[in-house]
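As you go down the protein sequences, you meet chains A and B in turn.
Numbered by the numbering used here, the letters in the first sequence go through residues 4 to 428 in order.
Numbered by the numbering used here, the letters in the second sequence go through residues 1254 to 1520 in order.
Glycine included, C-beta positions come from ideal geometry on N, C-alpha and C.
Nothing here was measured: the structure is a model prediction, and the numbers come from that model.
What follows is a set of notes on a single structure, which appears directly below.
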Amino acid sequence: MRLKLIGLNHKTAPINIREQVTIPEDLLPEANRLFHESVNAEETMLLSTCNRVEAYLYGPAGNGIEEATVKFLRDFSEASLLDLNQYIYTLIDEDAVEHLLRVASGLDSMVLGEAQITGQLKNAHSIARQDRTAAKELDRLMSYAFFTAKKVRSETKISERSVSVSSVAVELARKIFEDLTRRQVLLIGAGKMSRLAARGFLSSGVKGLRVVNRTYEKACRMSRELGGQACSYDSLEDSLVSSDIVIVSTGAREYVLGPEMMERVIRRRKNQPLFIIDITVPRNVDPAINRIDNIFLYDIDNLESVINDHMESRFTESRLAEEIIREEVKGFMDFRKQLTFGPLVKALRDKVEEICLEELAVSRKDMSDAEYEQIRKVMFRTVNRLSHPLIRQIKSSAEDYPELLNNQEFLENLVREAFELKEKE
Amino acid sequence: MLSITFFTALALYLVACFYNCLAFIRHLESMFRASLIFSIAGICFHTVHIIITGMERGIFPLTGRQEAMLFLAWALALSFIFIGFRYRVIALGVFMLPLVLLSMLSSLLFQESPVQDILRSRLFYFHTTFLFLSYAAFVAGTVFAVLYLLQERELKSRNLRLFYERLPSLDKLDQLFSNSMLSGLVLMTSGLASGIYWAHREWEGGWISDPKVISAIVTWLIYLALTSIRAVTGWRGKRMALITLAGFVSLLLTFWIATLLGSRHIF
């Protein structure tokens, strides 16, 4: 029995392949069921995100699983005419465990250290558990993966710094204002990026959102969509005075905010800081206004360079994370080795104790209860001590010669036959 | 007054300072906690040292420059511990703890002074304690003004490398700055008031022309102006920093230079 991982990801397959193979979220339970039926494995689980499709299997060592998996992926998706084999990777046992732990911790993601993947993995696992396609082995593996992901995130700073425009904007605002719940956001224009940024602020709990547009109707539409309040363009200066965070993204070809107006605004604001984010190209805010005290102006290039810095620091942290993963993989493999011999060791113990009881039963009549109990204890201790070297030998040879694990059945049969142990259920 | 308590306190502050710098560089909360614990241990020994000195000499131990420097260190450490516990600003200790150490070490440069009878007054306790605590509050406020400028410069230049992560937000620094300045002003007002009352009773005439008194009143006026301007115009950042700097220079003049110009104050 071994663990197998078969799949493709953003490193092995281009987007035009991935988008065909990927399994839509609502079809995942069905796909998972069908997949379980179509491969020869005891436990299966399917993971599908926009950057990867992976099948986790636990089953007999025989081949044929890979072909069946590729065939399933091809048949289930729109990729029926594709030759998937060139994009597919197959990983076994230790390599599969390592890959899973890296995926769970966000180290294998396109955006290094992103946390979404852990949730997607949890979702995939719960679907597989509901349909009982995943059982003891995969459950154990998954909970180990989630444990590792948590450890990586708490012990390294890999997910600490924001790497998207909207989250960097929120982070910067927190460095200026500390508490965003008392802050008002003003959205000028209706660009797509600015909407994303506004959503970012709304979800971090700002006090309110105002929308200004040259066309009042557009402002109304936007404010309904985002859950804000529309203001007329004529009162732009007043809106600026009463806002703290300004997101600018209009279609205009000239500057919407200039130095003279902003100096007036800051004076009227009694020098309260103003954070202005200009997400448009060409820029809508005169760069000169960054020179005014208490105004903090960031354009898209500034935000991108912050993101780059943060990416770099995530990359540095990832080395630390890889170390944690290596340790955890080793921990899991050791744990598993012991577990695989667990039932055998227990059967062996039970067997020798059974022999003792049989022998004792013969002379039961000649003994008092106290004598019987004492002799029983002595016998148990003796046989356990006698069988201990054997058990230790099994465990240590499993550690020293990993290939023995692949011949585990041979080894197990040897012991079982010698002691006439029952086959495990 | 060298003693084992003095050197134990000094050593504990040194360890606290080390941990604080480490906490600042590595951005680690746990190191900061260690630093606070060592500072508290340090101030315990420091307090014991002051009490023992006082008992030995039979007077509130603030009779000369040596003891003044020691008491200043105590006030600075106290304000660091108080603010550190409440607001968890790691960067504050990077400035305050070296000042504590410096102040303690500089006390070694001076001789023990003789006890003057005029100091045997209850007003002496209030006058000095209030003023020293106000010095500590103003120093903390000045540190916050510096931190604000550093963080503001980094945010303005959009080059977020050194201080961005390690310093609190501008809003928090501004709040801490104004809180420190305000408490400093209240403490100084109390210190000056008790001093004036005391001088009025026991100091025959001419106290108003004492260089230290003039300098202290100038300092007080600067800080009063600072707090009022802030309340009215909402100034922050660079403009505030300039007034803070003026206040700080004036504070140093009051503390150090004025006594050299023939003041009746011993320190």
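Please list the residues of the region 285-305 of chain A that have a C-beta atom closer than 8 Å to any C-beta atom in chain B, keeping them in chain order.
The region 285-305 of chain A vs chain B, Cβ under 8 Å: N293, D296, N297, F299, Y301, N305.
Whole beta strand (DSSP E) runs in the region 276-345 of chain A with 3 or more residues, listed along the chain?
Correct list: 277-281, 298-302.
So is I26 of chain A in contact with chain B if we call contact Cβ pairs under 8 Å?
No, I26 of chain A lies away from the interface with chain B (no Cβ there is under 8 Å from its Cβ).
Just list the residues that DSSP pairs T93 of chain A with in beta bridges.
BP columns for T93 of chain A point to A:I9.
Excluding the five sequence neighbours on either side, which residues of its own chain have a C-beta within less than 8 Å of the C-beta of S1468 of chain B, listed in chain order?
Within the same chain, S1468 of chain B has close Cβ partners S1503, L1506, T1507, I1510, A1511.
Examine the Cβ distances between the region 1268-1284 of chain B and the region 1316-1329 of chain B and report whether three or more of them are shorter than 8 Å.
At 8 Å Cβ cutoff, the stretches do not touch.
Please report the distance separating the alpha-carbon of D289 of chain A from that of V214 of chain A.
One C-alpha to the other measures close to 20 Å.
Given a threshold of 16 other Cβ atoms within 10 Å of its Cβ, counted over all protein chains shown, does N19 of chain A qualify as buried or as exposed?
So N19 of chain A counts as exposed.
Return the chain-ordered list of same chain residues with a C-beta closer than 6 Å to the C-beta of M145 of chain A, the five sequence neighbours on each side being excluded.
Here the set comprises H128.
Using only alpha-carbon positions, find the residue among B:G1487, B:V1353, B:A1262, B:L1408 that is nearest to H1299 of chain B.
Ranking B:G1487, B:V1353, B:A1262, B:L1408 by Cα distance to H1299 of chain B puts B:A1262 first.
Work out the CA separation of E97 of chain A and K427 of chain A for me, nearest whole Å.
The predicted position of K427 of chain A is uncertain, since its pLDDT is 49 and thus under 50; no value can be drawn from it.
Please look up how many angstroms separate the CB atoms of I120 of chain A and A58 of chain A, rounded, as I've assumed it's under 8 Å.
No, I120 of chain A and A58 of chain A are not in contact; Cβ-Cβ is about 16 Å, not under 8 Å.
Can you tell me whether K427 of chain A is helix, strand or coil according to DSSP?
Caution applies to K427 of chain A, whose pLDDT of 49 falls short of 50 and renders its modelled position unreliable; the value that the coordinates give is listed next. Three-state result, K427 of chain A: coil.
Less than 6 Å between C-beta atoms, sequence neighbours within five positions excluded: which residues of the same chain meet that for F1542 of chain B?
One cannot answer for residue 1542 of chain B here, as it falls past the ends of chain B, which runs 1254 to 1520.
Tell me, which residues are paired with Q123 of chain A by DSSP?
Its beta-bridge partners do not exist; DSSP assigns none.
Sort out for me which residues DSSP pairs S252 of chain A with in a bridge.
Looking at the DSSP assignment, S252 of chain A forms a beta bridge with A:G192.
Which residues bound the beta strand (DSSP E) around Q1369 of chain B?
Per DSSP, Q1369 of chain B belongs to no beta strand (DSSP E) and is neither H nor E.
If contacts are defined as beta-carbon pairs under 8 Å, then C1265 of chain B and G1295 of chain B qualify, I think. What distance do you get, rounded to the angstrom?
The sequence shown places Leu at residue 1265 of chain B, rather than the Cys named in the question. The pair is a contact, with the Cβ atoms about 3 Å apart (cut-off 8 Å).
For a test of the three-state rule: what should DSSP assign to V215 of chain A, helix, strand or coil?
Note: V215 of chain A maps to strand in three-state DSSP.
Rounding to the nearest angstrom, what Cα-Cα distance links R1517 of chain B and D1463 of chain B in this structure?
Looking at the two C-alpha atoms, the distance is approximately 7 Å.
Under the DSSP definition of a beta bridge, which residues are partnered with Y258 of chain A?
Paired residue(s): none; Y258 of chain A is not in a bridge.
Alpha carbon to alpha carbon, how far is G203 of chain A from R105 of chain A?
Near 28 Å, if we compare the C-alpha coordinates of R105 of chain A and G203 of chain A.
Which residue wins for smallest C-alpha separation from T1497 of chain B, given the options B:L1474, B:I1519, B:L1513, B:A1287?
For T1497 of chain B, the nearest C-alpha among the options comes from B:L1474.
Output needed in chain order: residues of the region 257-276 of chain A with a Cβ under 7 Å from some Cβ in chain B.
So the close ones are K273, N274, Q275, P276.
Measuring CA to CA, which of B:Q1319, B:L1420, B:G1459, B:G1458 is closest to M1357 of chain B?
Comparing Cα positions, the closest option is B:Q1319.
Looking at K1409 of chain B: is its Cβ nearer than 8 Å to the Cβ of N311 of chain A?
No, the Cβ-Cβ distance between K1409 of chain B and N311 of chain A is not below 8 Å.
Would you mind telling me which residues of chain A sit closer than 7 Å to S1422 of chain B, beta carbon to beta carbon, in chain order?
The answer, in chain order, is R177, K178, I179, F180, E181.
For the alpha helix (DSSP H) containing E1407 of chain B, name the first residue and the last one.
Residues 1375-1410.
Just to confirm the assignment, what range does the alpha helix (DSSP H) spanning R367 of chain A have?
Counting along the chain, R367 of chain A falls outside any alpha helix (DSSP H), and DSSP gives it neither H nor E.
What residues of chain B sit near D469 of chain A, judged by a beta carbon separation below 8 Å?
The structure shown does not extend to residue 469 of chain A, since chain A spans only 4 to 428, so no value can be given for it.
DSSP on G62 of chain A, reduced to helix/strand/coil?
Here G62 of chain A sits in strand by DSSP.
Give me the chain A residues within the contact set of K1425 of chain B, using Cβ-Cβ distance strictly less than 8 Å, ordered along the chain.
The answer, in chain order, is E181.
Over the uninterrupted alpha helix (DSSP H) stretch that includes A172 of chain A, give me the two end residues.
Where A172 of chain A is concerned, the enclosing alpha helix (DSSP H) stretches over 168-180.
Check whether the Cβ of F422 of chain A lies closer than 8 Å to any Cβ atom in chain B.
Closer than 8 Å: no.
Among B:M1493, B:F1313, B:H1280, B:G1487, which one has its Cα closest to the Cα of I1226 of chain B?
An answer regarding residue 1226 of chain B cannot be provided, because it is not within the stretch 1254 to 1520 covered by chain B.
Assign Y90 of chain A to buried or exposed, taking buried as 16 or more other Cβ atoms, counted over all protein chains shown, within 10 Å of its Cβ.
Per the 10 Å Cβ criterion, buried.
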